[in-house]
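Numbering (this note's numbering), first residue to last: 13 to 117.
Written as structure tokens, this is what we have:
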């Protein structure tokens, strides 16, 4: 009877040890993929919230223009002289620094 109890305890210990590689893979996945993506999302959200009038922006669709007006959810962008479009803030891909060239030029 004691042999049966000893064998049962050994198999339970090996089952727990079998989960260690799975936990390790989850940790690697977290640090290599999920965590950097969350960091990029936070940086992008901070960049979008700091958009102000006269900033030059590039949308996710590749439209380059100057910000004319900023609302809570929308931005009016002048893409040519006298041509203004309303853009959803979340679709702004990048803010071009003053005097800099946009990424697609």
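We put the CB at the ideal spot given by N, CA and C, even for glycine.
Distance between beta carbons of residue j and residue i, contact taken as under 8 Å
i: residue 87; j: residue 104; result: 7 Å
i: residue 67; j: residue 79; result: 5 Å
Exposure label - residue i; buried when at least 16 CB within 10 Å
i: residue 89; result: buried
i: residue 77; result: buried
i: residue 70; result: buried
i: residue 95; result: exposed
Spatially closest choice to residue i from the options, by CA coordinates
i: residue 75; options: 84, 59, 66 and 97; result: 97
i: residue 99; options: 84, 110 and 93; result: 84
Residue i versus residue j: straight-line alpha-carbon distance, rounded
i: residue 107; j: residue 55; result: 12 Å
i: residue 15; j: residue 30; result: Any reading at residue 15 is ruled out, since the residue's pLDDT is 49, under 50, leaving its predicted position unreliable.
i: residue 142; j: residue 50; result: Because the chain in this structure spans residues 13 to 117, residue 142 falls outside the shown range and cannot be described.
i: residue 64; j: residue 45; result: 32 Å
i: residue 58; j: residue 92; result: 27 Å
i: residue 36; j: residue 102; result: 35 Å
i: residue 17; j: residue 26; result: Because residue 17 carries a pLDDT of 49, less than 50, the predicted location of this residue cannot be relied on, and the following value inherits that uncertainty. Going from the Cα of residue 17 to the Cα of residue 26 covers about 15 Å.
i: residue 32; j: residue 52; result: 30 Å
i: residue 34; j: residue 72; result: 37 Å
i: residue 39; j: residue 61; result: 32 Å
i: residue 13; j: residue 28; result: In this prediction, residue 13 scores a pLDDT of 47, lower than 50, which makes its location untrustworthy; the coordinate-derived value is nonetheless stated afterwards. Each residue's Cα considered, the two are about 24 Å apart.
i: residue 110; j: residue 48; result: 28 Å
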